[in-house]
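For the sequence shown, position 49 matches number 48 in numbering that gives the first Met the number 0, and the numbering has no gaps at all.
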Amino acid sequence: MEFFQYTFMHNALIASLLVAICSGIIGAICVANRTLFLAGGIAHSAYGGVGIAFFFGFPILLGASFFVAFIALLMGYLMLKDRERVDVSMGVIWAVGMAIGILFADLSPGYQDELMSYLFGALVAVGSMDLWILLIYDIILVCFVCLYYYEIMSISYDSAFTSIKGIPIKNMSICLLLFIAFGIVVSMRSVGLILLIALFSIPAYMAEVMFSSLCAVIICSVLLAFIFLVLGLFCSFYFNLTTSATIIIIAALSFIFLLLARYFYLKER
Numbered sequence: 000m001e002f003f004q005y006t007f008m009h010n011a012l013i014a015s016l017l018v019a020i021c022s023g024i025i026g027a028i029c030v031a032n033r034t035l036f037l038a039g040g041i042a043h044s045a046y047g048g049v050g051i052a053f054f055f056g057f058p059i060l061l062g063a064s065f066f067v068a069f070i071a072l073l074m075g076y077l078m079l080k081d082r083e084r085v086d087v088s089m090g091v092i093w094a095v096g097m098a099i100g101i102l103f104a105d106l107s108p109g110y111q112d113e114l115m116s117y118l119f120g121a122l123v124a125v126g127s128m129d130l131w132i133l134l135i136y137d138i139i140l141v142c143f144v145c146l147y148y149y150e151i152m153s154i155s156y157d158s159a160f161t162s163i164k165g166i167p168i169k170n171m172s173i174c175l176l177l178f179i180a181f182g183i184v185v186s187m188r189s190v191g192l193i194l195l196i197a198l199f200s201i202p203a204y205m206a207e208v209m210f211s212s213l214c215a216v217i218i219c220s221v222l223l224a225f226i227f228l229v230l231g232l233f234c235s236f237y238f239n240l241t242t243s244a245t246i247i248i249i250a251a252l253s254f255i256f257l258l259l260a261r262y263f264y265l266k267e268r
């Protein structure tokens with residue numbers, strides 16, 4: 000019960016739920032579209048926007064939002080132009096984005112510990128404003144997915160048929176990339192850019208192993224992400240560990256356990 004006596008833990012639990020909704024939905028869509036590498040590229044590149052905003056004295060959220068929106072549009076253009084070779088471009092953008100953020104951080108005067116929180120997260124230091132921003136984003140994201148669920152599902156599983164039906168694949172793909180970009184920006188203060196990649200990939204892949212329906216995968220992915228976040232919070236609190244690293248280890252161990260269980264299940268059959 001000591002865990003629940005602290006206000007910052009209440010905020011951390013609320014943030015865990017909101018981040019789980021964001022990462023679970025985005026991760027499930029990325030896994031279905033096989034575009035996790037794009038999400039990873041945007042996540043790492045976002046640090047460039049953080050460094051630039053910090054150097055020029057802009058609000059971090061505003062500066063990072065413009066930067067990742069540009070990166071998302073650039074990635075969308077490269078993906079639509081030459082999908083087979085887009086991995087090379089993504090690798091370059093990934094590295095350059097991180098390098099820009101580090102260089103601008105080095106050039107910035109004063110104490111720079113705040114910048115590290117955007118890499119590794121500060122879930123127990125989430126404020127009310129962060130929670131409101133996450134809540135607003137989640138509401139918009141859920142409404143978008145509900146309104147365009149058929150289009151998202153069609154693009155994810157049969158893009159050729161979707162194109163024949165007249166659904167604007169390019170416009171929908173760009174919208175999804177922008178949602179990924181802004182989801183990264185609003186979540187990076189809470190869980191960090193590095194943890195976000197794990198939250199995008201591990202719960203969504205585990206959910207895809209267990210379910211075939213996109214809706215079921217999304218719901219399961221959100222629940223798994225929330226469980227990993229809460230378990231990581233508890234373990235880091237009681238054993239005095241780094242929260243983000245603890246969450247990643249718990250998620251990874253769960254992922255390995257699922258793969259082993261699936262392997263032995265299929266072997267027995």
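We put the beta carbon where it would ideally sit given N, CA and C, even for glycine.
Here the structure is a predicted model, which is why all the values come from computation and not from measurement.
Beta-carbon proximity check, residue i vs residue j, cutoff 8 Å
i      : j      : result
ILE101 : GLY50  : yes
ILE70  : SER88  : no
GLY120 : CYS21  : no
ILE59  : ALA68  : no
VAL216 : GLU207 : yes
LEU79  : SER200 : no
PHE7   : VAL91  : no
PHE227 : ILE196 : no
ILE193 : SER127 : no
TYR204 : VAL30  : yes
ALA63  : GLY75  : no
ASN32  : SER155 : yes
LEU118 : GLY191 : yes
Three-state class that DSSP yields for residue i in the structure shown
i      : result
LEU90  : Looking at the sequence shown, residue 90 is not Leu but Gly. In this structure, GLY90 counts as helix in the three-state DSSP scheme.
PRO108 : coil
ASN10  : helix
VAL30  : helix
PRO58  : coil
TYR136 : helix
TYR147 : coil
ALA215 : helix
GLY120 : coil
VAL125 : coil
Alpha helix (DSSP H) segment containing residue i, residue limits
i      : result
ARG40  : It should be pointed out that residue 40 corresponds to Gly in this sequence rather than to Arg. That run of the alpha helix (DSSP H) goes 35–55.
PHE254 : 242–267
PHE181 : 168–209
is_contact[residue i, chain C] using C-beta, thresh 8 Å
i      : result
LEU140 : Here chain C cannot be found, since the structure has a single protein chain.
Within the chosen definition, does the stretch 27–47 reach the stretch 222–239 through at least 3 CB pairs nearer than 8 Å? They do not touch, by the three-pair rule.
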